[in-house]
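Just below is one structure, and these are the notes that go with it.
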Amino acid sequence: MKAYIPLAHPRQRGSVLIISLIMLVVLTLIGISMIRMTTTNLQLVNNMQGRHQALAAANDIVNQVLSSSFINPSDINGTLNAVAAASYTYSPEGEDASKKTYTVTVSKPCLKSLTFATDKITRIIQPQIRARIAAINTLLAANPPDDVRAELEAERTLLVQRHQQYQTCVDDKAPCYLTLWQFTATVSTGFLGAKTSLSAGTDVVLNSETGIQVRNDSALYCTS
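Oh and the sequence shown: position 117 is 156 in our numbering, straight run, nothing missing.
Right, dumping it as structure tokens:
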């Protein structure tokens, strides 16, 4: 006699199919969520990298401007206007320049302050510069990494130039004006549309004649 094996009820077979479809939908949604999360994280990393490189571009151009004689006592307005119109292209080191470039525009430097300061130069500013140069020499003697060494050497060169400029004013035994100039470097375009701006300032020593000329030119003063 053959044993009787009951067959699955049609309703049971239908419920298994529904549960399977629900599980399939859930797994699909989980997979889509993971893909979106991965894409979002990748975009965040790229945006952060782009912002850091944009800031590096602004810093690099600011250092270029600070290391140049952007104010010329013999032709103040002409030199300042030339800097204002300057636009630089920056490519991160080791990157393809055709894919990752930043355009940095430097605003017109404006006069933040002007003081009669020959005594201040000899008592305060020059000793501070000499102390910083000595500190940089100590850091360089410790054999820092190449990138750090390059930054320190660039800073030392700029400080030496400023010290010589100040010393010329002191040696002439003529009244000097200490002027503070401010400008902004703006990264207008870049990789993934990263944008940033960086404000910087630098002091410039002017002789009496040039200092008076600058002081009387209201167009050179900062508006804010």
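All C-beta atoms, glycine included, are put in the ideal place defined by N, C-alpha and C.
Across which residues does DSSP place Asp-242 in a beta bridge pair? For the purposes of this step, residue 242 is identified with residue 203 of the sequence shown, where counting begins at 1. Paired residue(s): Leu-219.
Can you tell me where the alpha helix (DSSP H) holding Ser-247 begins and where it ends? Numbered from its first residue, the sequence shown carries residue 247 at position 208. It spans 247-254 - the alpha helix (DSSP H) in which Ser-247 sits, taken as one unbroken run.
Compute the beta-carbon to beta-carbon distance between Val-209 and Ile-164, rounded to the nearest angstrom, for a pair I have assumed lies under 8 Å. Start at 1 with the first residue of the sequence shown, and residue 209 comes out as number 170. Start at 1 with the first residue of the sequence shown, and residue 164 comes out as number 125. Not really, about 10 Å apart at Cβ, beyond 8 Å.
Go ahead and label Ile-100 buried or exposed: buried means 16 or more other beta carbons lie within 10 angstroms of its beta carbon, across all protein chains shown. Here residue 100 refers to the residue found at position 61 when the sequence shown is read from its first residue. So Ile-100 ends up on the buried side.
Taking all protein chains shown into account, do 16 or more other C-beta atoms lie within 10 angstroms of the C-beta of Leu-217, making it buried, or fewer, making it exposed? Working through the sequence shown from its first residue, we reach residue 217 at position 178. By the 10 Å Cβ count, Leu-217 comes out buried.
Is it the case that the segment 147-157 contacts the segment 249-261, given that we only count it when at least three CB pairs across the two stretches are under 8 Å? yes
So, for Gln-204: in the same chain, excluding its five sequence neighbours on each side, which residues have a beta-carbon less than 6 Å away from its beta-carbon? Start at 1 with the first residue of the sequence shown, and residue 204 comes out as number 165. Once the five neighbours on either side are set aside, the close Cβ partners of Gln-204 are Val-244.
Assuming Ala-95 and Leu-237 are in contact, meaning their beta carbons sit under 8 Å apart, how far apart are those beta carbons, in whole angstroms? Locating residue 95 in the sequence shown gives position 56, counting from the first residue. Locating residue 237 in the sequence shown gives position 198, counting from the first residue. About 10 Å; that fails the 8 Å criterion.
Give me the Cα-Cα distance between Val-199 and Glu-132, rounded to the nearest whole angstrom. Here residue 199 is taken as the residue at index 160 of the sequence shown, counted from 1. Here residue 132 is taken as the residue at index 93 of the sequence shown, counted from 1. Distance between the alpha carbons of Val-199 and Glu-132 is about 27 Å.
What is the DSSP secondary structure of Ala-224, counted as helix, strand or coil? As a first step, residue 224 must be located in the sequence shown, where it is residue number 185. Looking at Ala-224 - three-state DSSP - the assignment turns out to be strand.
For the beta strand (DSSP E) that contains Thr-128, what are its first and last residues? Sequence index remark: in the sequence shown, residue 128 carries index 89 (1-based). First-last of the beta strand (DSSP E) with Thr-128: 126-129.
Is the beta carbon of Thr-262 sitting closer than 7 Å to the one on Cys-215? Taking the sequence shown and counting its residues from 1, the one referred to as residue 262 is at position 223. Taking the sequence shown and counting its residues from 1, the one referred to as residue 215 is at position 176. Not a contact, by the Cβ cut-off of 7 Å.
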